[in-house]
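To start, the structure itself, in structure tokens.
Residue numbers (our numbering): 24 to 600.
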């Protein structure tokens with residue numbers, strides 16, 4: 024195997040005079056030739072430096088006027104705050120660290136700012152692209168983030184969600200999948216599942232597949248929380264799940280290989296993939312916020328990524344304080360625009376030959392979520408593609424279910440009328456009805472569970488969850504469909520400082536959140552030891568908080584870090600009886 028050297032790149036040079044003029048505290052610099060920005064922090068003779076780039080979504084930092092010590096900067100995108108003296112983010116508290124750059128001084132006291140670049144893993148054993156025959160590589164869009172790839176005589180499928188809801192009952196498919204979707208899945212030689220969210224890992228879809236082909240090879244990245252952590256509970260029996268290490272080529276046959284990479288913001292759960300056939304790369308960044316920490320292959324044949332926004336309960340499910348309808352509408356509009364511009368810049372920087380926006384085709388179609396559906400405006404893929412074409416030579420594809428892109432044709436001549444075959448005339452593109460019944464029945468079954476006859480379930484559950492020693496008090500309220508209190512439902516306080524369940528709020532200073540949750544979903548989540556994404560990303564809660572601070576450690580724990588096995592309710596009931 025050819026080894027690739029780690030390289031050191033000089034990002035910025037400061038002359039001896041500029042170094043002497045650095046002031047105590049924070050200093051902003053721009054490299055005029057590259058247009059890239061940097062921050063220096065000076066404490067007497069000690070210097071630290073980092074890129075002026077927020078880890079969250081690549082926003083630019085400016086001086087934080089609320090910071091009297093002159094140590095922190097504030098992101099212009101989402102008000103995240105970074106303490107440059109420690110290189111730790113302080114809002115949201117307890118979240119991330121900023122990557123530090125290397126500072127080298129020369130004899131004259133000039134300064135070079137260096138980044139040590141690890142080699143790009145996809146450059147190991149490089150292959151030159153070979154000509155593709157027409158029909159040799161075909162990519163068919165099925166729904167949402169699900170693509171069916173024909174690569175020579177192999178077939179590979181990404182993230183099959185083709186029936187049922189995602190996030191409990193909050194998300195439903197926007198597009199009508201091709202009627203032969205199950206045959207297509209059964210024909211696949213391998214399936215890649217990017218992460219554990221239910222719009223990518225869809226147990227209803229996999230259940231149908233497992234009934235016909237339980238031994239189908241499925242590949243996932245070696246994330247800290249296993250993608251299939253909940254398979255035993257799900258009742259789905261798949262027998263050929265392969266967990267592969269990050270950044271290493273997996274050889275499928277002599278022409279085909281793939282490599283799974285991790286996300287820079289959520290490495291514990293999010294992944295993306297490069298598929299290479301005869302030297303032509305297909306890059307699928309899926310839902311990653313900073314795929315592979317922002318280092319990605321340039322000039323790939325085809326790139327696909329998410330684009331839509333709206334995959335969070337924020338701010339639609341919040342009320343009180345600044346969260347008026349006007350504020351929310353303005354925030355959503357601005358936020359979607361930022362995401363659109365971020366994607367345009369990413370595509371422009373990476374220069375793929377073809378770009379396809381996907382993984383955002385969901386709708387809040389249950390009648391009780393009408394408010395969310397109306398306020399949670401998503402980006403339009405055509406608007407994004409128009410912006411990309413205006414700013415670059417990239418060819419774009421807005422996929423429709425059943426449409427097929429022929430990579431060989433498109434690379435040879437992007438104007439070839441057979442390059443993209445649209446679905447036949449009269450094909451149903453958008454879903455207009457969803458089978459809510461069976462899925463709501465499963466959730467409803469939890470409401471009458473024996474566990475909830477005993478109020479001691481509350482202590483049992485939160486002890487199992489294992490989050491404590493954090494100054495936060497949460498009031499949990501069970502509600503009806505319309506978020507009015509559920510008759511006979513639970514309404515209780517949890518003090519996470521000592522994991523107690525007081526009758527009233529403690530007298531000490533404490534941040535406070537009020538979480539109203541639809542009773543069927545919260546009880547289903549509690550009974551089965553599921554992650555709170557079902558509640559939060561699924562729009563099944565309504566929240567108020569005072570002060571208005573995002574408690575990263577709390578949400579991260581309940582969305583990603585809960586125990587891998589559910590609470591032992593059997594033993595709990597034996598002790599109660």
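Even glycine gets a Cβ: it sits at the ideal position worked out from N, Cα and C.
Beta-bridge pairing of residue i - partner residues as DSSP gives them
i	result
residue 73	62 and 123
residue 399	Looking at the DSSP assignment, residue 399 forms no beta bridge with any residue, so it has no partner.
residue 501	540
residue 389	According to DSSP, residue 389 bridges with nothing at all.
residue 328	380
residue 48	65
residue 303	300
residue 213	179
residue 566	341 and 538
residue 280	274 and 299
residue 111	106 and 120
residue 418	377
Candidates the options: closest to residue i by CA position
i	options	result
residue 354	364, 338 and 343	338
residue 403	245, 112, 384 and 118	384
residue 524	496, 540 and 466	496
residue 460	187, 575 and 128	187
residue 514	537, 494 and 99	537
residue 560	578, 570 and 571	578
residue 43	67, 471, 545 and 435	67
residue 414	88, 379, 63 and 364	364
residue 573	51, 63, 102 and 86	102
residue 452	197, 281 and 440	197
residue 446	435, 455, 434 and 421	421
residue 601	192, 244, 203 and 190	Because residue 601 is not part of the residues shown, which for the chain are 24 to 600, the question remains open.
residue 109	69, 128, 528 and 98	69
residue 532	500, 570 and 511	570
residue 247	591, 585 and 595	585
Own chain, CB closer than 8 angstroms to residue i, minus 5 neighbours either side, in chain order
i	result
residue 177	212, 213, 275, 276 and 279
residue 131	39
residue 322	373, 374, 375 and 376
residue 342	565, 566 and 567
residue 124	34, 61, 72, 73, 74, 136, 137 and 138
residue 259	226, 229, 230 and 233
7 angstroms CB neighbourhood of residue i in its chain, flanking five on each side removed
i	result
residue 308	295, 314 and 328
residue 580	490
residue 589	256, 551 and 552
residue 238	262 and 263
residue 479	599
residue 575	115, 116, 117 and 118
residue 334	560
residue 450	425
Alpha helix (DSSP H) segment containing residue i, residue limits
i	result
residue 465	459-467
residue 485	480-488
residue 577	575-579
residue 617	This structure cannot settle anything about residue 617, because the visible part of the chain is limited to 24 through 600.
residue 593	592-599
residue 131	Segment: none, residue 131 is in no alpha helix (DSSP H) and carries neither H nor E.
residue 433	430-435
residue 559	556-559
residue 168	No alpha helix (DSSP H) holds residue 168; DSSP gives it neither H nor E.
residue 226	226-235
Close-in-space but distant-in-sequence residues of the same chain around residue i (CB under 6 angstroms, 5 per side omitted)
i	result
residue 555	581 and 582
residue 547	466 and 469
residue 200	165, 166, 185 and 424
residue 418	377 and 437
residue 388	195 and 457
residue 464	none
residue 520	494
residue 32	138 and 140
residue 549	484
Boundaries (first-last residue) of the beta strand (DSSP E) holding residue i
i	result
residue 242	241-244
residue 408	From DSSP, residue 408 is part of no beta strand (DSSP E) but of the alpha helix (DSSP H) over 404-414.
residue 98	95-98
residue 135	134-140
residue 250	Where residue 250 is concerned, there is no enclosing beta strand (DSSP E), given that its DSSP letter is neither H nor E.
residue 514	514-518
residue 36	30-37
residue 86	84-86
heavy atom of the ligand PLP below 6 angstroms from residue i C-beta
i	result
residue 270	Only the bare structure without any ligand can be found here, which leaves the ligand PLP out of the picture.
Proximity test, Cβ basis, 7 angstroms: residue i and chain C
i	result
residue 488	Any reference to chain C falls outside this structure, which holds one protein chain only.
Would you call the region 56-68 and the region 144-152 touching, i.e. three or more CB-CB distances under 8 angstroms? The region 56-68 is not in contact with the region 144-152.
Assess contact between the region 282-291 and the region 153-161, defined as three or more Cβ pairs (one per stretch) separated by less than 8 angstroms. Is contact present? Not touching, per the Cβ criterion.
Okay, do the region 193-210 and the region 360-372 touch, 3+ Cβ pairs below 8 angstroms being the bar? By the criterion of at least three beta-carbon pairs nearer than 8 angstroms, the region 193-210 is not in contact with the region 360-372.
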